[in-house]
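Numbering (the UniProt record's numbering), first residue to last: 1 to 69.
From the three backbone atoms N, C-alpha and C, an ideal C-beta is built for every residue, glycine too.
All of these numbers come straight from a predicted model, not from anything done at the bench.
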Amino acid sequence: MDRRAQFSILNALAAPFTAIGRFLVLLAEANPRMRELDRLSRVSDEDLAAKGLTRDGEIRRIMGVNSYL
Numbered sequence: 001m002d003r004r005a006q007f008s009i010l011n012a013l014a015a016p017f018t019a020i021g022r023f024l025v026l027l028a029e030a031n032p033r034m035r036e037l038d039r040l041s042r043v044s045d046e047d048l049a050a051k052g053l054t055r056d057g058e059i060r061r062i063m064g065v066n067s068y069l
């Protein structure tokens, strides 16, 4: 069996797992928390500090983590 045939067979076997992985990524990206974390990642620490916020505090707020943890 030549390398192209082996590669083709491996691609065919991996296709369902690739599709499932892409679907799970789409689900995660559609989550409102994920979108909010993405927005937060684009804000500088200086901008957060100017608003009296911390990155850690904002992550806790977004994820719904209680402050006593």
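Inter-residue Cα distance where the pair is residue i and residue j
{"i": "R39", "j": "L27", "result": "17 Å"}
{"i": "L13", "j": "L24", "result": "18 Å"}
{"i": "G52", "j": "G21", "result": "38 Å"}
Coil, strand or helix - residue i by DSSP
{"i": "V43", "result": "coil"}
{"i": "T18", "result": "helix"}
{"i": "D2", "result": "coil"}
{"i": "N11", "result": "helix"}
{"i": "V65", "result": "coil"}
{"i": "G52", "result": "coil"}
Residue i CB to nearest heavy atom of the ligand SAH below 6 Å
{"i": "S44", "result": "Within the structure as shown, the ligand SAH is missing, as the structure has no ligands at all."}
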